[in-house]
Amino acid sequence: MKPIPISINEELRLLATELYRQFSPAQLEHLARNLGVIKRKRKIKAQDLISLCVYLGDEASSKSLTNLCSVLDAHFDVSLSTEGLNQRFTNALVNFIRTLFATLCNNKLSSAISLSKPYHYFSRIRILDATAFGLPAYYASSYPATNCTPDKAGMKIQLEYDLISGEYLLVDVESGKTSDCELGTLQAKTVEKNDLCLRDLGYFKIDDFIQMDQLGAYFISRIKPKTYVFTRNSGEVQYLLDGRVKKSSLYNPINLKQMMDSMKSGEVKEIPEVLIGREKKLKTRLILYKLTDEQLKKRQLIRSKKERTKTKSYSDETKQLDALHAFITNIPQDVVPKEDIYDLYSLRWQIEIVFNTWKSIFHIHKAKPMKEERFLCHLYGTLLAILLSSSLIFKMREILLRRKKLEISELKSMDIMKQYFSLIDSTLRSEGTEKIKEVLLKVSSMIEKNARKSHRYTKKTVFDILGVVYEHRHKESKIAA
Numbered sequence: 015m016k017p018i019p020i021s022i023n024e025e026l027r028l029l030a031t032e033l034y035r036q037f038s039p040a041q042l043e044h045l046a047r048n049l050g051v052i053k054r055k056r057k058i059k060a061q062d063l064i065s066l067c068v069y070l071g072d073e074a075s076s077k078s079l080t081n082l083c084s085v086l087d088a089h090f091d092v093s094l095s096t097e098g099l100n101q102r103f104t105n106a107l108v109n110f111i112r113t114l115f116a117t118l119c120n121n122k123l124s125s126a127i128s129l130s131k132p133y134h135y136f137s138r139i140r141i142l143d144a145t146a147f148g149l150p151a152y153y154a155s156s157y158p159a160t161n162c163t164p165d166k167a168g169m170k171i172q173l174e175y176d177l178i179s180g181e182y183l184l185v186d187v188e189s190g191k192t193s194d195c196e197l198g199t200l201q202a203k204t205v206e207k208n209d210l211c212l213r214d215l216g217y218f219k220i221d222d223f224i225q226m227d228q229l230g231a232y233f234i235s236r237i238k239p240k241t242y243v244f245t246r247n248s249g250e251v252q253y254l255l256d257g258r259v260k261k262s263s264l265y266n267p268i269n270l271k272q273m274m275d276s277m278k279s280g281e282v283k284e285i286p287e288v289l290i291g292r293e294k295k296l297k298t299r300l301i302l303y304k305l306t307d308e309q310l311k312k313r314q315l316i317r318s319k320k321e322r323t324k325t326k327s328y329s330d331e332t333k334q335l336d337a338l339h340a341f342i343t344n345i346p347q348d349v350v351p352k353e354d355i356y357d358l359y360s361l362r363w364q365i366e367i368v369f370n371t372w373k374s375i376f377h378i379h380k381a382k383p384m385k386e387e388r389f390l391c392h393l394y395g396t397l398l399a400i401l402l403s404s405s406l407i408f409k410m411r412e413i414l415l416r417r418k419k420l421e422i423s424e425l426k427s428m429d430i431m432k433q434y435f436s437l438i439d440s441t442l443r444s445e446g447t448e449k450i451k452e453v454l455l456k457v458s459s460m461i462e463k464n465a466r467k468s469h470r471y472t473k474k475t476v477f478d479i480l481g482v483v484y485e486h487r488h489k490e491s492k493i494a495a
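For this note's numbering, add 14 to where a residue sits in the sequence shown, where the first one is 1.
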């Protein structure tokens, strides 16, 4: 017997209950006391500190201590001196906010149904990337930047998340000079059977792909221009004078430049089995996609701009292969044909949308010089606000897709959610979950009305690629009678 489906109202009530369980004043006060943030009864409560660092994150990073004292007094009737507030920003408070963030990462607000099982084959689509931003030189000793003078500072945040469930698998805060590749190797050890891993070239490492393959996981990656690519020689082999086989005759190197020149614009070509690397340890499929003239012009403009602004430089080998996308993957041909590899890999760009929301909506990259503990409270408070918003939105996104076949924009919905932060904060301060549920209903209704995905006929959406059925409603033109 099938279970009776519950209403949207009831689904959001369950979500509100879980939200209140994790962020109620009593729960926050209990955790704050256990972590030494609050040792005795004080003017300021744990909920006030969370409101300041999470729900009012922009103000915490941009306003002076005098302004923040006024905010506390106006919003929460908490009267502190500037020095009294400054003393509240401690390592214990940083640990408190970081612990809340880790708890939310490990215990999601809801066990939402996954959006899709593309090809009925992948259990997770793991996307790993990093966003970096500069900091005032004041932070240079703690967060040095890459390729900058010693007095410059920068920060890098590594993120790996599952596109299907919306779960954050890793959030790692580092200085700007740390290596992507090292973290990629650590994360390769955590993959599970039937995971699909999507990464950019900064994480390209042949041993990591071998590890994924051995664990029963899958990958799609572009290859670096200088990577050795071979096919096995099906013809006669050569021998040395002592009778041993000449190893170089066992393999035929592939010249990607020659293959690109022989392909037509927009053509997709596959070599079912190649060996990657000088030691030829990795056996994969090789899929080549030659860009159209329009795609090539767009790519060259982007690269030219990056070189002009000195944010990145490209080698001659890279520029010679401007018109080619070269992918390697261990996904079987009968699961994902060569024509779909490019689209499936393009899902990696969804993480750029995530990073866009971090900076354009939550302004995580903006901070003035302040004592480090206060800066870290702002940083982890903003990350907690982002994760909280993302968790709530993913559930609403899943509800709207499942019940109304509607696809919503992540960027638009995050912007809407942030406008309700102060209301969510105030309702969490009161007992019960009914008011929280009413706020979530308001947010869901606003997202449904104003955050629908904008469709371009020349570009597939995430749900197009994943094969999720959604309803795309066009406005009908009104024709005069």
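Note that the Cβ used here is the ideal one computed from N, Cα and C, for glycine as well.
Annotated three-state conformation of LEU184 is strand, per DSSP.
Put simply, of TYR34, GLN61 and ARG35 the residue whose alpha carbon is nearest the alpha carbon of ARG47 is GLN61. Closest by C-alpha distance to HIS377, out of PHE369, MET460 and LYS319, is PHE369. Between TYR34 and PHE435, the gap from beta carbon to beta carbon reaches 7 Å or more. Contact annotation, GLY168 with GLY190: C-beta distance approximately 3 Å; criterion of less than 8 Å satisfied. The count of Cβ pairs closer than 8 Å, one atom from the segment 411 to 424 and one from the segment 196 to 213, stays below three, leaving the stretches out of contact. Sorting CYS211, LYS55 and SER65 by C-alpha distance to the C-alpha of LEU442 places SER65 at the top. Between GLU174 and LEU142, the gap from beta carbon to beta carbon is short of 7 Å.
The beta carbon of ASP439 is closer than 6 Å to those of SER65 and TYR69 in its chain, skipping five residues each way along the sequence.
Measuring C-alpha to C-alpha distances from LEU212 to each of ARG140, ASP336, ARG317 and ARG246 identifies ARG140 as the nearest. By the criterion of a C-beta distance shorter than 8 Å, PRO39 is surrounded in its chain by LYS59, ALA60, GLN61, LEU442 and ARG443, once the five residues flanking it on both sides are discounted.
Closest in C-alpha terms to LYS432, from the list GLU448, LEU302 and SER405, comes SER405. Between LEU454 and ALA30 the beta-carbon gap is near 6 Å, inside 8 Å, which marks them as a contact. Beta-bridge partners assigned by DSSP to LYS297: LEU289.
One Cα belongs to ILE316, the other to SER327, and the distance between them is close to 12 Å. Counting every other CB atom within 10 Å of its CB across the protein chains shown gives GLN228 a total below 16, marking it as exposed. Annotation: the segment 411 to 470 contains the following complete segments of the alpha helix (DSSP H) (minimum length 4 residues), in chain order: 424 to 433, 435 to 442 and 448 to 464. For VAL282, the pairing in a beta bridge is given by DSSP as TYR303. Scanning SER374, LYS260, ASN109 and ILE342 for the CA closest to the CA of VAL51 turns up ASN109.
Taking a C-beta distance under 7 Å as the contact criterion, ILE422 and ARG466 qualify as a contact pair. Rounded to whole angstroms, ASN464 and LYS419 show a C-alpha spacing of 15 Å.
Pairing HIS379 with LYS385 gives a Cβ-Cβ distance that is not under 7 Å. Of the other Cβ atoms in all chains shown, 16 or more fall within 10 Å of the Cβ of TYR394; this residue is therefore buried. Taking 7 Å as the cut-off, the Cβ atoms of LEU254 and TYR232 do not count as close.
If you check the CB distance, LEU215 and LYS240 do not come in under 7 Å. Non-local C-beta neighbours of PRO150 in its own chain, meaning closer than 6 Å and more than five positions away in sequence, comprise PRO383, ordered along the chain.
Under the DSSP definition of a beta bridge, GLN172 partners with ALA144 and ASP186.
Under DSSP, the beta-bridge partners assigned to ASP209 are ARG138. In the structure shown, HIS89 adopts helical secondary structure according to DSSP, grouped into three states. Around the beta-carbon of ALA146, 16 or more other beta-carbon atoms lie within 10 Å, marking it buried.
PHE369: member of the alpha helix (DSSP H) spanning 364 to 374, first to last residue. DSSP lists TYR303 as the bridge partner or partners of HIS339. In the same chain as ILE220, and ignoring 5 residues on each side of it, the C-beta atoms closer than 7 Å to its own belong to ILE290, GLY291, LYS295 and LEU296, in chain order.
Here HIS339 is buried. Its C-beta has 16 or more other C-beta atoms within 10 Å. By the C-beta density criterion, ASP194 is buried, having at least 16 other C-beta atoms within 10 angstroms. Counting only runs of at least 3 residues, the segment 17 to 90 fully encloses no beta strand (DSSP E) element at all.
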